[in-house]
Amino acid sequence: MDGKLMRPKIDFAFKEIMMDNEVRKGFLSAVLKIKPEDIKETNILNTYLRKKHKNDKFGILDVRILMNDDTEIDVEIQLMVFKAWTSRTLFYVSKMVTEQIEEGEDYSEIKKCVSISILDFKLFDDTEEFYSCFHLREDTRNTLYSDKIEFHVIELPKLPEELKEENSDLLLWSKFLDAEREEEFKMLAEKNVYVGKAYSMLQNISMDKEKQLEYTARQKEILDYNQLMKEFSDAGRKEGEEIGKKIGEKIGEKNNQYKTARKSIKAGLPVGLISEITGLPVEEIEKLYENME
Numbered sequence: 058m059d060g061k062l063m064r065p066k067i068d069f070a071f072k073e074i075m076m077d078n079e080v081r082k083g084f085l086s087a088v089l090k091i092k093p094e095d096i097k098e099t100n101i102l103n104t105y106l107r108k109k110h111k112n113d114k115f116g117i118l119d120v121r122i123l124m125n126d127d128t129e130i131d132v133e134i135q136l137m138v139f140k141a142w143t144s145r146t147l148f149y150v151s152k153m154v155t156e157q158i159e160e161g162e163d164y165s166e167i168k169k170c171v172s173i174s175i176l177d178f179k180l181f182d183d184t185e186e187f188y189s190c191f192h193l194r195e196d197t198r199n200t201l202y203s204d205k206i207e208f209h210v211i212e213l214p215k216l217p218e219e220l221k222e223e224n225s226d227l228l229l230w231s232k233f234l235d236a237e238r239e240e241e242f243k244m245l246a247e248k249n250v251y252v253g254k255a256y257s258m259l260q261n262i263s264m265d266k267e268k269q270l271e272y273t274a275r276q277k278e279i280l281d282y283n284q285l286m287k288e289f290s291d292a293g294r295k296e297g298e299e300i301g302k303k304i305g306e307k308i309g310e311k312n313n314q315y316k317t318a319r320k321s322i323k324a325g326l327p328v329g330l331i332s333e334i335t336g337l338p339v340e341e342i343e344k345l346y347e348n349m350e
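Mind the numbering: the sequence shown is residues 58 to 350 in this note's numbering, read in order.
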């Protein structure tokens, strides 16, 4: 990677880029195939999906967006091979749907939920197209059952090497997310004004020392996971993938707890409340206080 520019497909960098309203508008316009001017407003939602029952799986989404027509969108980047990805997205979109309705409310209140997956591995073997879009349709008549659920999948390893004059905005965005060299970023930024804004955002966050530290920590987490998976594979352990996945989830969960705790400390929340919010012991939070002074 040239200089200190972050790679936009690292989920931390992607989240930071998506904090900009114009960048979100341009990206969603390209994926959903609607005009940017038709997107009047987008808002970043809380990325923590709430648990309704004690044994529910707790969901944490990469970027969760609410559009002006109340459509909810979950955008996730996955760099490591995840064989159960389709099941994962089904789980999260279903949770997005069900949490809209409280007891006694009307089903007609349910708003559209969209999943956008950006994958750094090949998910589908039946096509070499880098982009796929799925709806709920009848098998033979192709009748749409409901437009309330929609899945978009971008497979970065399937991107064409060369760009052509008739390139779609979606291809330009996908190439930007997959880019690693500064000349690539500059070339793509010149072809699309919203990609250009994303490139400016990338330059800005790459100069922020605190964000660089968080980005580097996330990179290390990914590298450690990959090394762990390789060691399990080399050792011939069939259960290695599942063990590595659980370890990776634990690492990610702990990092999220600490991140939330630091933000809560800066906001002036009491130690006891922070402990309840994050699940961290009071002793660990007090140590964070000391280290932040």
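Here a beta-carbon is modelled for each residue, glycine too, at the ideal position from N, C-alpha and C.
Computed from a predicted structure; not experimentally measured.
Inter-residue CB distance, residue i and residue j (contact presumed, cutoff 8 Å)
i	j	result
Leu220	Ser231	Actually they do not touch by this definition, with Cβ atoms about 11 Å apart.
Val150	Ser165	Not confirmed; about 19 Å, so no contact.
Asp127	Lys92	About 19 Å separates the two Cβ atoms, so there is no contact after all.
Asn125	Glu94	Not confirmed; about 12 Å, so no contact.
Val210	Ser174	5 Å
Assigned secondary structure, residue i (DSSP; H/G/I helix, E/B strand, else coil)
i	result
Thr21	Outside the shown range of the chain, which is 58 to 350, sits residue 21, and nothing can be said about it.
Asn125	coil
Phe191	strand
Phe69	helix
Ser225	coil
Glu133	strand
Val339	helix
Val252	helix
Val138	coil
Ile175	strand
Asp235	helix
Leu106	Only weak support is given to the placement of Leu106: the predicted model assigns it a pLDDT of 44, under 50, and the question is left unresolved by the model.
Straight-line Cα distance separating residue j from residue i
i	j	result
Phe208	Asp131	10 Å
Glu240	Ile279	25 Å
Ala141	Asp182	14 Å
Glu195	Arg319	49 Å
Lys90	Asn224	14 Å
Lys248	Leu345	45 Å
Gly329	Lys323	15 Å
Thr200	Met153	24 Å
Val13	Val120	Outside the shown range of the chain (58 to 350) lies residue 13, about which nothing can therefore be said.
Asp226	Tyr188	12 Å
Leu102	Leu123	7 Å
Leu259	Arg198	45 Å
Leu234	Ala274	19 Å
Arg145	Phe242	31 Å
Gly253	Ile331	39 Å
Leu229	Glu340	48 Å
Tyr256	Gly161	46 Å
Thr143	Ile206	14 Å
Gly325	Ile74	27 Å
Range covered by the beta strand (DSSP E) that runs through residue i
i	result
Glu207	201 to 212
Ile101	99 to 101
Run of the alpha helix (DSSP H) containing residue i, from where it starts to where it stops
i	result
Thr335	328 to 335
Glu79	78 to 89
Those residues which DSSP pairs with residue i across a bridge
i	result
Ile322	None, per the DSSP bridge assignment.
Val120	Val132
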